[in-house]
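Quick note on full-length UniProt numbering: the sequence shown kicks off at 1 and runs consecutively. All C-beta atoms in this analysis are idealised placements derived from N, C-alpha and C, irrespective of residue type, glycine included.
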Amino acid sequence: MSQGFNTTTELILTIPFYQWLIDQGFFGQVNFTQGITNVNDAKDWCETTTCPAPSAATQENCCIHHMNLHSCPLTDITNGLCGPWIPARGQIITHSEVLVGNALVGNWTNYVPGLYVLGQTSIISHFKIAGASIALVFDLTVEPKTDCGNGVCESDDGEDCSVCPKDCGTCPLEDWHYGLITASILFIFILIGVIYGFFAYQKRKFLYDSSWIYKYDDIKTNENRLWMGSMISRTDDKFDTGFNLTQVFVPTGDVDGKTVAIKRIEKKSFSLTKCIREEVRTVRQMDHQNVCRFVGGCIEVPNVAILMTYCAKGSLNDVLLNEEVPLSWSFRFSFATDISRGMKYLHSHKIIHGRLWSSNCVMDDRWSVKVTDYGLETFRKSCVCEDENIKKQKQVYLEPELVKSQAIPTEHSDVYAFSVILIEIATRGDPFQEEDPYSVPIDWQPPLPVFEKTSDENNCPCPDEYCKLISICRSHNPIERPSFESIKRRLQRINPNKQNPVDLIITMMEKYSKHLESVVAERTQDLMAEKHRTETLLYSMLPRSVADSLKTGLSVQAESFDQCTIYFSDIVGFTVLCSKSSALEVVGLLNRLYTVFDEIIENFCVYKVETIGDAYMVASGLPKRTSNHASEIAKMSLKIVEAAKHFKIPHLPNAPLKIRIGLHSGYVCAGVVGRTMPRYCLFGDTVNTASRMESNGEPYKIHISDDTYSELAITGGFQVEERGVISVKGKGDMRTWWLTGYDPCKMDKKQSLTEISKGYDMF
1 MSQGFNTTTE LILTIPFYQW LIDQGFFGQV NFTQGITNVN DAKDWCETTT CPAPSAATQE
61 NCCIHHMNLH SCPLTDITNG LCGPWIPARG QIITHSEVLV GNALVGNWTN YVPGLYVLGQ
121 TSIISHFKIA GASIALVFDL TVEPKTDCGN GVCESDDGED CSVCPKDCGT CPLEDWHYGL
181 ITASILFIFI LIGVIYGFFA YQKRKFLYDS SWIYKYDDIK TNENRLWMGS MISRTDDKFD
241 TGFNLTQVFV PTGDVDGKTV AIKRIEKKSF SLTKCIREEV RTVRQMDHQN VCRFVGGCIE
301 VPNVAILMTY CAKGSLNDVL LNEEVPLSWS FRFSFATDIS RGMKYLHSHK IIHGRLWSSN
361 CVMDDRWSVK VTDYGLETFR KSCVCEDENI KKQKQVYLEP ELVKSQAIPT EHSDVYAFSV
421 ILIEIATRGD PFQEEDPYSV PIDWQPPLPV FEKTSDENNC PCPDEYCKLI SICRSHNPIE
481 RPSFESIKRR LQRINPNKQN PVDLIITMME KYSKHLESVV AERTQDLMAE KHRTETLLYS
541 MLPRSVADSL KTGLSVQAES FDQCTIYFSD IVGFTVLCSK SSALEVVGLL NRLYTVFDEI
601 IENFCVYKVE TIGDAYMVAS GLPKRTSNHA SEIAKMSLKI VEAAKHFKIP HLPNAPLKIR
661 IGLHSGYVCA GVVGRTMPRY CLFGDTVNTA SRMESNGEPY KIHISDDTYS ELAITGGFQV
721 EERGVISVKG KGDMRTWWLT GYDPCKMDKK QSLTEISKGY DMF
């Protein structure tokens, strides 16, 4: 901003400020060096003294003897400092005229000729009052003196393309902009290339995929249905039409759990060329409810064949020629509409059928017509000439110009063939009717059907429109023939009954059948879940081998075990603890404690026998025999003692839970006792001795017998200390030990089973 402007600074001097000036000694030289020491005198002198001209004004004869304005461009300083009055480089950017006056002036107005450095600038009002200098600072932003939009690029005043592109034009791109644009374009081309390459790879992979190739020997031929492919109905059908027809259609077989129709092709040799692979890839992608799906093919001579999805109702020709099949016009319109949908789909995928006749339109078990025998022109080429009789019978479906010129079929050829099928649907007879197929001329066309105008559902409800559709489909001018999309719309328009009642019945029955299946599946799932829960409960009560025997109804014989180790534990002072707790609190305590114990024993080869009150009994070496039964029980006991030390009683968090443990190894007998609530029980002196080891133990200690000590000595790695000989009720004097720890690094070293000083705790 280079134009001048006025600034006004308001200065009001207060009593505390005068007092501060006096305290700092700034009034020592005022009033002609006489000095002022009183606040009121200082205030009176500053407000009443008349100042001389600015050039003659000093602190001796004028209170405010200097006031002017400075500017400090913050972009032109170093070390973040400015001034106090000028930039660090010593150049004064703006300095206004000096003013003088007394303290009653209040507002001091200065004229600034302009600010010339763009950016942040500090405006400094400099006052000299008596012997002191003070400054008031105000920051502002200096912008260029430009007028954006006047059509002139004022570059001298700082206007450029970044500030005003309207006047100075768009700024040229920087080098990094060009680099970014180039990289972006390159990335887009690479991405397009990767996507194209991916789809090309997938397309090529699908082209050379051989999962559709089957060995003919792997096809399980269905002898019962070999020549019954066009079975119209079966006695077990839900919708019984009261007829049964078995006409020759095509052999069938089973492959990969699917029933397929087998189309044999006579070839002396076969080569799987790229052309055939492309044809196969095309038909494999066909997926429409009115198009029969391609399953695969056999390429080994002489068993070259095409496998298509098997349709149980046979071909449309079979159904139409069977007078036992009651077909209303709702059925017939449904058949024609299905064919038009299927052909529309094929034509939309650039597939010309060329063999569209009623025997190549098959029906599934829902009475839905599907177009089959399409595509694979190279694959299906036979080295054997077609039978002349069959060729004559199929000639009626070919447009005359196609027969004469032997040209390649087109979409118009398929429409012409469809017109013949419409006649078959209307007459339910052979397209030649009374004519001899071998004597009719090449350009012969079947006559239009004759309809009786009655309200009978077996008669066409719209005969004129139907005949008109036939006529336009077999027009002599192929261009005038409609597309299958147009044919489908015409059929839907002239069909008075849009919903096929038979399809509705079958759909409803299928839904009901699926509902029943889902209900059965759900009930079966519930049954299996309940069975799983029951088995889980049973396995928690009995060993798995015993439970499996009981489930199968087998009796469980008692069994003896020469070597096993029994574990007993209980809670020290449990009676006193129960007296301080309610029944529910005791149950909750035991549940939490035994849950902790159960989680620990899952990590060892042991079997939980039972829990009675606060007593917890575990065994190892049964029902599954194991040689390291003593070490498994010992390691489990050490873990349980450690867990008990850190266990918190829910309702008595400050009270410790003390347990004592006893172990003994020896001979026991085991068996199932009871029928109403069978239990797996252990019998023998070993059980009693283990119980005595526990009852004669001490809190947080594992009391083991000499037999268990001997077993642990064989394994090695365990730390024990001898308790000595004690008197055991029912057993007399026994030498017993305390199990105190385990060091896995000393496994299989008998000498490591050393006695340690009493009071040593490895935990």
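C-alpha distance - residue i paired with residue j, whole-angstrom precision
{"i": "Lys203", "j": "Thr282", "result": "11 angstroms"}
{"i": "Gly169", "j": "Asp160", "result": "8 angstroms"}
{"i": "Lys427", "j": "Cys292", "result": "What sits at residue 427 in the sequence shown is Thr, not Lys. If you take the alpha carbons of Thr427 and Cys292, they lie about 25 angstroms apart."}
{"i": "Asn322", "j": "Arg481", "result": "31 angstroms"}
{"i": "Pro84", "j": "Lys128", "result": "Reliability fails at Pro84, whose pLDDT of 48 lies under 50, so the model's placement of it is uncertain and the value that follows must be treated cautiously. Whole-angstrom Cα-Cα distance: 14 angstroms."}
{"i": "Pro87", "j": "Pro73", "result": "With a pLDDT of only 49 at Pro87, under the threshold of 50, the placement of this residue in the model should not be trusted, and no figure is reported."}
{"i": "Glu411", "j": "Asp526", "result": "56 angstroms"}
{"i": "Ile36", "j": "Gly131", "result": "12 angstroms"}
{"i": "Lys274", "j": "Glu174", "result": "53 angstroms"}
{"i": "Gly4", "j": "Leu180", "result": "45 angstroms"}
{"i": "Thr141", "j": "Val152", "result": "24 angstroms"}
{"i": "Gln433", "j": "Asp318", "result": "16 angstroms"}
{"i": "Ser382", "j": "Ala417", "result": "23 angstroms"}
{"i": "Arg234", "j": "Asp217", "result": "Note on Arg234: pLDDT 33, under 50, position unreliable in the model; the coordinate value appears next. When rounded, the distance between both Cα atoms is 29 angstroms."}
{"i": "Cys298", "j": "Tyr214", "result": "5 angstroms"}
{"i": "Met363", "j": "Pro437", "result": "26 angstroms"}
{"i": "His349", "j": "Tyr374", "result": "12 angstroms"}
{"i": "Thr565", "j": "Tyr742", "result": "17 angstroms"}
{"i": "Gly732", "j": "Arg692", "result": "11 angstroms"}
{"i": "Ser55", "j": "Asn68", "result": "13 angstroms"}
{"i": "Thr182", "j": "Ile192", "result": "15 angstroms"}
{"i": "Leu136", "j": "Thr8", "result": "11 angstroms"}
{"i": "Cys745", "j": "Thr686", "result": "31 angstroms"}
{"i": "Asp139", "j": "Glu97", "result": "20 angstroms"}
{"i": "Tyr111", "j": "Thr49", "result": "25 angstroms"}
{"i": "Leu402", "j": "Asn477", "result": "13 angstroms"}
{"i": "Ile408", "j": "Asn222", "result": "37 angstroms"}
Identified DSSP bridge partners for residue i
{"i": "Asn107", "result": "Glu10"}
{"i": "Arg679", "result": "Val673"}
{"i": "Cys275", "result": "Looking at the DSSP assignment, Cys275 forms no beta bridge with any residue, so it has no partner."}
{"i": "Ala261", "result": "Thr252, Met308"}
{"i": "His288", "result": "Val291"}
{"i": "Glu722", "result": "Trp737"}
{"i": "Met617", "result": "Phe568, Glu610"}
{"i": "Val362", "result": "Ser315, Lys370"}
{"i": "Lys220", "result": "Asp254"}
{"i": "Pro73", "result": "Thr121"}
{"i": "Asp139", "result": "Ser122"}
{"i": "Lys128", "result": "His66, Ser133"}
{"i": "Tyr742", "result": "Phe718"}
Residue i beta carbon near the ligand NAP (any heavy atom closer than 7 angstroms)
{"i": "Leu11", "result": "Ligands are entirely absent from the displayed structure, and the ligand NAP is therefore not among its contents."}
Supposed contact pair residue j and residue i - C-beta distance, whole angstroms, cut 8 angstroms
{"i": "Ala634", "j": "Phe568", "result": "In fact, because the Cβ distance is near 14 angstroms, the residues do not count as touching under 8 angstroms."}
{"i": "Leu115", "j": "Ser71", "result": "6 angstroms"}
{"i": "Leu589", "j": "Pro650", "result": "7 angstroms"}
{"i": "Asp614", "j": "Phe647", "result": "Between Phe647 and Asp614 the Cβ distance is about 13 angstroms, and since that is not below 8 angstroms, they are no contact."}
{"i": "Leu356", "j": "Glu279", "result": "With 8 angstroms as the limit, Leu356 and Glu279 do not qualify as a contact, their Cβ atoms being about 18 angstroms apart."}
{"i": "Val301", "j": "Gly342", "result": "Contact doesn't hold; Cβ gap of about 32 angstroms is too wide."}
{"i": "Val39", "j": "Ile12", "result": "Going by Cβ atoms, the distance from Val39 to Ile12 rounds to 16 angstroms, so no, they are not a contact pair."}
{"i": "Ile494", "j": "Cys473", "result": "In fact, because the Cβ distance is near 13 angstroms, the residues do not count as touching under 8 angstroms."}
{"i": "Ile64", "j": "Gly28", "result": "With a Cβ gap of about 17 angstroms, Ile64 and Gly28 do not count as contacting."}
{"i": "Asn61", "j": "Cys46", "result": "Going by Cβ atoms, the distance from Asn61 to Cys46 rounds to 12 angstroms, so no, they are not a contact pair."}
{"i": "Ile487", "j": "Ser340", "result": "5 angstroms"}
{"i": "residue 764", "j": "Thr715", "result": "The question about residue 764 has no answer here: the residues shown for the chain are numbered 1 through 763."}
Cβ pair count under 8 angstroms reaching 3, the segment 104-113 against the segment 17-25: no
The segment 314-334 touching the segment 261-275, judged by at least three CB pairs closer than 8 angstroms: no
The segment 442-454 touching the segment 395-407, judged by at least three CB pairs closer than 8 angstroms: yes
Stretch pair the segment 655-672 + the segment 690-703: three plus CB contacts closer than 8 angstroms: yes
The segment 622-629 contacting the segment 595-604, beta-carbon criterion three pairs below 8 angstroms: no
Entirely enclosed beta strand (DSSP E) segments - the segment 551-583, minimum 3 residues: 559-571
Alpha helix (DSSP H) runs wholly inside the segment 21-51, at least 4 long, in chain order: 30-33, 39-48
Sufficient close CB pairs (3 or more, under 8 angstroms) joining the segment 330-337 to the segment 421-437: yes
Cβ contact (3+ pairs, closer than 8 angstroms) linking the segment 290-309 and the segment 253-261: yes
Any 3 or more C-beta pairs closer than 8 angstroms across the segment 724-732 and the segment 673-683: no
Complete alpha helix (DSSP H) runs within the segment 390-470 (minimum length 4 residues, chain order): 400-405, 411-427
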